[in-house]
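From first to last, the protein sequence lines are chains A and B.
Going by the numbering used here, 219 is the number at position 186 of the first sequence; the sequence numbering is gapless.
Going by the numbering used here, 150 is the number at position 117 of the second sequence; the sequence numbering is gapless.
Structure first, then comments.
Number of protein chains: 2
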Amino acid sequence: MSSAPAGDALLALYPILTELTARARQRLQARAQLVQVPAGTTVFDERQACQGFPFVIAGSIRVVKAAPNGRELPLYRVTPGETCIISSACLLGQAPYNARGVTEADTTLLVVPTDDFQALLGEQAFRDFVFQLFSERIADLMQLIEEVAFRKLDQRLAALLLGKGQRLHITHQQLADELGSVREIVSRLLKGLAEQGLVALSREQVEILDPAGLRRLAGA
Amino acid sequence: MSSAPAGDALLALYPILTELTARARQRLQARAQLVQVPAGTTVFDERQACQGFPFVIAGSIRVVKAAPNGRELPLYRVTPGETCIISSACLLGQAPYNARGVTEADTTLLVVPTDDFQALLGEQAFRDFVFQLFSERIADLMQLIEEVAFRKLDQRLAALLLGKGQRLHITHQQLADELGSVREIVSRLLKGLAEQGLVALSREQVEILDPAGLRRLAGA
DNA sequence: GGGCGTCTGTAACCTTGGTTACAGAGCTGG
DNA sequence: CCAGCTCTGTAACCAAGGTTACAGACGCCC
C-alpha cells in the first residue's frame, strides 16, 4: 500500500488533480486509502451509508439497480478516470446509497474519506471536474429512463449491439443482463434480427451485418 | 420588472442566497432576468441549448420525458425554493436539454445567465445549496428508475395515492398522467382497489379508506 | 329542459415480455 | 470416447398493460 505509485497512477488517470493546490494534494496522499478488490465484489449496496469517495485506478465498477426478484438493471459503469455520481450524491446529501456497485474485474480503488472529499470540492479544478462528470451521468440516466420507459426491447437490443465493432463475442445471457431482461427473450429477439438479415449468429458471437438497419431500428 | 421586490422574494425563498458575498448578490440583481410565464408554457425542451439557470419565484415547473408517441413520464417538479437539476447539468456540461419543462401554473422565474451561474458556483454557500438539491434529485431519479423498471402499475398507483390526505380531488386522467400511463388502465386499477376496499370512488374524487393496505400494496 | 363537454365504466382484443420446460449442440477434461 | 458443463433454440403458456370502441353519468350554460 505504498502511496507514491498509487499517487502517480491517480494523477495520470485524473489529470485534473494536478491542478490542485499543493496542500490539497498532500492531504489526498495522506488520507486516501488504496484498496484492492477482486472481481465480483459488492463494493456498496442499497441502504448502506457512503463511507468515502472512490477513484477507480484499475478495473471497473458496474452500478446497478436491483429488483426485488433478483433481476438487475445496469445504470452505468465507472472506469478509471471517471467518478461515481451516486457516491457523490450520497456524500453530498448525507443519504444512503440507492443502488449497488459490483466490481466487474479485479479493481483497485483509492477511497477518499468523506470530509476530505468535501474539502476537495473547495478546489475550483476538482469541483469543475466532478460537476462535469455529474452532468454527463445525469444525461446517461435520462437516456436510461427514456429507454426503459418508452423503448421496446428489440430497439434497446439493437442499440446495445451497435458501436462495439463488427463481431461481438458475447453470450445471450450477457446481453440480457445488460438490458435487465432474460436470456430467452434475447434469443428470440436475436433470431428476429437474424431473420431480417441484420445480424448473423453463432456460438458466443453476434456478427453485425447491417449496421444502418440496426440503427434505424434502434432509433425508431 | 423592478428587481427590488423580486430580490426580496428571491431571498425569502432561497435563504441561502443571503450568505452570498455582497459582490455576488449585486451581480445577481444586475444580471438576472425576471420572467412571467402563463400556465402550460414549455419553458425548455429536449435538444434545446440551456440559456440560463431558473429560480422559481412563484408557480411550478413540471419536468417530463416525452415519448415519441406523445405520452409523457413526469420526472420531478420544481417549486419555489428548489432548483432544476437538468438545467444545472446542462449548464455545467454545456449540453442541450434532455427533457421538457412545462409550467403547471402561472409562473414567475428569475433567470440567471450562464456565466453568472458559473460565477455563483464559486461561492461556497451557493455551491453547497446546488449540490444538496442535486443529490436529492438524483435520489428521486433513482427511485423513478426503480419504479418504471420494476414496479407494477397498481403498486405505483397505490404509492401515488398516499400522502395526499384522505380525499383526493383528481381525475383518472390526471392520475394516469402522473404515472405516464393512460386513463382506461387507471380506471381499471382503481376499480380493483375499490373492490379490495382500499379506496372509494366518486366523480373527480378518490377517498382513501385503508392507507395501511395501500402502503402494503405499494411496498410489496 | 336540452345540448354539449367532461368524466367514468367497461368489454374485446392485441402486443410485449416473462416463465416454464425441454432438447440439442458444442466444448472440455478425465 | 464420453460425462458434464455451458450455451442456444424453441414452444406453450401467462400476465401486464395498452388500444379501440362505446355507453352512460354528471354538470353547466343557453
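For every residue, glycine included, the Cβ atom is placed at its ideal position computed from N, Cα and C.
Being a predicted model, the structure only gives us computed values, none of them experimental.
So the beta strand (DSSP E) residue i belongs to, where does it begin and stop?
i, result
"Gln238 of chain A", "Gln238 to Ile241"
"Gln66 of chain A", "Gln66 to Val70"
"Arg95 of chain A", "Ile94 to Ala99"
"Ser235 of chain A", "Val232 to Ser235"
Residue range of the alpha helix (DSSP H) that residue i falls in?
i, result
"Ser121 of chain B", "Ile118 to Gly126"
"Pro129 of chain B", "Element bounds for Pro129 of chain B: n/a, residue is neither H nor E."
"Thr147 of chain A", "Thr147 to Leu154"
"Leu106 of chain A", "That residue, Leu106 of chain A, is in no alpha helix (DSSP H); its beta strand (DSSP E) goes Glu105 to Val111."
"Gly85 of chain B", "That residue, Gly85 of chain B, is in no alpha helix (DSSP H); its beta strand (DSSP E) goes Gly85 to Ala91."
"Val76 of chain B", "Counting along the chain, Val76 of chain B falls outside any alpha helix (DSSP H), though it belongs to the beta strand (DSSP E) covering Thr75 to Phe77."
"Gly217 of chain A", "A small fix is needed here, since residue 217 of chain A is Glu in this sequence, not Gly. Residues Arg216 to Glu228."
"His205 of chain A", "His205 to Leu212"
"Leu250 of chain B", "Pro244 to Gly252"
"Glu179 of chain A", "Gln157 to Phe183"
"Leu186 of chain B", "Leu186 to Leu194"
Which same chain residues, not among the five before or five after residue i, have their C-beta less than 7 Å away from its C-beta?
i, result
"Met34 of chain A", "The predicted model places Met34 of chain A with a pLDDT of 45, which falls under 50 and marks its position as unreliable; any figure quoted below should be read in that light. Around Met34 of chain A: Leu67."
"Ala91 of chain B", "Pro113, Thr140 and Thr141"
"Gly73 of chain A", "Val135 and Thr136"
"Glu156 of chain B", "Leu53, Thr54 and Ala57"
"Gln69 of chain B", "Thr141"
"Gly225 of chain A", "Asp187"
"Glu211 of chain B", "Pro107 and Leu193"
Rounded C-beta distance between residue i and residue j? I'm assuming under 8 Å.
i, j, result
"Val144 of chain A", "Pro101 of chain A", "Not really, about 30 Å apart at Cβ, beyond 8 Å."
"Ile218 of chain A", "Leu186 of chain A", "6 Å"
"Ala245 of chain B", "Gln188 of chain B", "Not quite, the Cβ-Cβ distance comes to about 15 Å (not below 8 Å), so this is no contact."
"Arg60 of chain A", "Asp149 of chain A", "6 Å"
Could you tell me whether the Cβ atoms of residue i and residue j are closer together than 8 Å?
i, j, result
"Val135 of chain B", "Val111 of chain B", "no"
"Thr51 of chain A", "Leu44 of chain A", "yes"
"Leu234 of chain B", "Leu242 of chain B", "no"
"Leu250 of chain A", "Ala191 of chain A", "yes"
"Ile195 of chain B", "Arg248 of chain B", "Here residue 195 of chain B turns out to be Leu, not Ile, going by the sequence shown. Contact: yes."
"Leu223 of chain B", "Val239 of chain B", "yes"
"Arg104 of chain B", "Gly213 of chain B", "yes"
"Val96 of chain A", "Ile119 of chain A", "yes"
"Val174 of chain A", "Leu108 of chain A", "According to the sequence as given, residue 174 of chain A is Leu; it is not Val. The answer is yes: Cβ separation under 8 Å."
"Gln206 of chain B", "Arg216 of chain B", "yes"
"Ala99 of chain B", "Glu79 of chain B", "yes"
"Pro146 of chain B", "Arg64 of chain B", "yes"
Please go through the same chain and pick out, in chain order, the residues whose beta-carbon is closer than 8 Å to the beta-carbon of residue i, but skip the five residues on each side of it.
i, result
"Ile49 of chain A", "Ala158, Phe159, Asp161 and Phe162"
"Ser93 of chain B", "Arg110, Val111, Thr112, Pro113, Thr136, Glu137, Ala138 and Thr140"
"Ala209 of chain B", "Val215, Arg216, Ile218 and Val219"
"Ala227 of chain B", "Ala233 and Leu234"
"Ser122 of chain B", "As written in the sequence, residue 122 of chain B is Ala, which differs from the Ser given in the question. Closer than 8 Å at the Cβ level, and outside the excluded window around Ala122 of chain B, lie Ala128."
"Lys197 of chain A", "none"
Which same chain residues, not among the five before or five after residue i, have their C-beta less than 6 Å away from its C-beta?
i, result
"Ser36 of chain B", "At Ser36 of chain B the pLDDT is 47, less than 50, meaning the model places this residue with poor confidence; the figure from the coordinates comes in the next sentence. Closer than 6 Å at Cβ, skipping near neighbours: Gln62."
"Arg58 of chain B", "none"
"Glu180 of chain B", "Arg189"
"Leu46 of chain A", "Pro113 and Gly114"
"Ala42 of chain A", "Ile90"
"Pro71 of chain A", "Asp139"
"Val40 of chain A", "It should be pointed out that residue 40 of chain A corresponds to Gly in this sequence rather than to Val. Answer for Gly40 of chain A: Gln62, listed in chain order."
"Leu154 of chain B", "Arg160"
For a test of your reading of the model: does the CB of residue i fall under 7 Å from any non-hydrogen atom of the ligand ZN? Yes or no.
i, result
"Gly134 of chain A", "The ligand ZN is absent from the structure shown, which contains no ligand whatsoever."
The segment 155-169 of chain A contacting the segment 189-205 of chain A, beta-carbon criterion three pairs below 8 Å: no
At least three beta-carbon pairs within less than 8 Å, the segment 68-88 of chain B to the segment 120-135 of chain B: yes
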